[in-house]
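What the sequence shown shows, in the numbering used here, is residues 24 to 432, in sequence order.
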Amino acid sequence: MADVAVDAGAGAGAASLAAAGTGPGGVTRDEAAEVERETHREENAALPLKRRQSEGTASTDSQGRANVMVEPHAQNKRPKLLYPILFLILGWLMAVGFLAGLIYEVTKDRSLYYDPSEQNTSQWSYIGVTSPPFWANLSDEFTTCAKGRLQSPINVNRGINSGWVNSPEDNDELGTLADIITLPSGTVTVQREFENFAPMFYCEGVPCLNVNIPGIGQFSSNSFMFRTPSEHVVDAFGTEAEIQFYATDGSAENGYRGVIVSAFMVLNANNSFSNESSTSTVISLFRDTPLEIRIDTLLPPLTGGYIAYNGSLSYPPCTEGYRYVIAKGLVALAPAVGEYYASLVSYPGNARNTQPDNGRAVLNYGPAALPSPQPTLTPETRRRELSRAWSSRSRPAAEYTRSESEREL
24 MADVAVDAGA
34 GAGAASLAAA
44 GTGPGGVTRD
54 EAAEVERETH
64 REENAALPLK
74 RRQSEGTAST
84 DSQGRANVMV
94 EPHAQNKRPK
104 LLYPILFLIL
114 GWLMAVGFLA
124 GLIYEVTKDR
134 SLYYDPSEQN
144 TSQWSYIGVT
154 SPPFWANLSD
164 EFTTCAKGRL
174 QSPINVNRGI
184 NSGWVNSPED
194 NDELGTLADI
204 ITLPSGTVTV
214 QREFENFAPM
224 FYCEGVPCLN
234 VNIPGIGQFS
244 SNSFMFRTPS
254 EHVVDAFGTE
264 AEIQFYATDG
274 SAENGYRGVI
284 VSAFMVLNAN
294 NSFSNESSTS
304 TVISLFRDTP
314 LEIRIDTLLP
324 PLTGGYIAYN
334 GSLSYPPCTE
344 GYRYVIAKGL
354 VALAPAVGEY
364 YASLVSYPGN
374 ARNTQPDNGR
384 AVLNYGPAAL
394 PSPQPTLTPE
404 TRRRELSRAW
414 SSRSRPAAEY
424 TRSESEREL
């Protein structure tokens, strides 16, 4: 009975507690619910923090608690400043690159570039589709350039069975340049004009030189021009330049139209193909005109011999009927002169390629036969050497050197 009474009392107490809204430990139902809600809030708050910690956007306070959030504006502050700076630097680099490219395009030398689309196909030239091999296709007046049998320049071939012969006057009359050429005494006034892709020089007041060859005629030359590289070659070798005097005024004989007096020129006076220089004269021939010069400084000594053959003009219309007189001696030019003159001539120069001799006789005049030449430049290398001058826009001072004594080719 006592046990029953106790159980009854306990049940009554629980019933009274339940009725009073309390649970075990004296915690009311409302308090328990509040505790449960607080627990849920803490758990829900911990989830974003863990997520931010995994993303690296959470921080810690001074006590090491990982409950401090990085403000959104602080997160985005660095990228917002970095991107404009990067774009500013990139834009500056692009502007500098564009300006540098513009300066390069405006200032670069285009003399070594050939664009067929920009070429005037109605005008003959020395490059591309209007170069010497195509001259005859440009005009009916130029057909002689392809069909002529006595075209210039030529390769002076001194081998056996070639047209090379010693003239009847060898070691006798007409055997030297002085026998057929007369130069003016003193200086001559020279003017310069650009013709046929190169400067042409004109003598004023008096002829540049006079030529008198029996059976061919008496002619005066009022003009001369430089060819770079040389048009004529000897046994397939040439020099860096060639001077040509055009003697066309006068009385002709036997159908000749005139005489062209020519001499090989070398840039380096100290190579094995030329005499060492003993005279150096500074001239402004390639800079300002008019000027006063001595014609004998542009030719080898007239006491030397020469070679001769029948040829043509070496530019359109390639008219035939001209007697070429080519000095055996060489004219030595200081490199500054040759480079300066080459810079006045468009690439690849103003020299026509050699033409077939077609069995023509090449007469040798002078006290001795021509020895074998020992040139330092082949036709290919001399063009490549001169290309340095064609690609340079510098204007070195013109300086001319000539040998007092003659050395034959």
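We put the beta carbon where it would ideally sit given N, CA and C, even for glycine.
- For residue 167, there is no enclosing beta strand (DSSP E); the enclosing alpha helix (DSSP H) has its first and last residue at 167-170.
- Cα atoms of residue 125 and residue 109: separation of roughly 24 Å, rounded to the nearest angstrom.
- In this structure, the beta-carbon distance from residue 198 to residue 389 falls below 9 Å.
- Excluding the 5 residues flanking it on each side, residue 266 has same chain C-beta neighbours closer than 8 Å at 247, 248, 249, 250, 285, 286, 288, 321, 322 and 354, in chain order.
- The segment 330-340 makes contact with the segment 156-174: 3 or more CB pairs, one atom from each, lie closer than 8 Å.
- Here the alpha carbons of residue 175 and residue 378 stand approximately 6 Å from one another.
- Its chain contains 230, 233, 270, 272 and 273 as the residues whose beta carbon lies nearer than 7 Å to that of residue 243, once the 5 sequence neighbours on both sides are disregarded; these appear in chain order.
- With respect to the C-alpha of residue 314, the residue from 173, 164, 226 and 56 having the closest C-alpha is 226.
- In the assembly as shown, residue 148 is a buried residue. Its beta-carbon has 16 or more other beta-carbons within 10 Å.
- According to the DSSP assignment, residue 275 belongs to the beta strand (DSSP E) that extends over 264-275.
- A direct Cα-Cα distance of roughly 29 Å separates residue 220 from residue 180.
- In this structure, 253 is the residue among 163, 283 and 253 with its C-alpha nearest to the C-alpha of residue 371.
- Per DSSP, reduced to three states, the secondary structure at residue 286 is strand.
- By a beta-carbon distance limit of 8 Å, residue 207 contacts residue 318. Their separation comes to about 6 Å.
- Rounded to whole angstroms, the Cβ separation of residue 332 and residue 275 is 17 Å, and the two are not in contact under 8 Å.
- Assigned with DSSP and collapsed to three states, residue 205 falls in strand.
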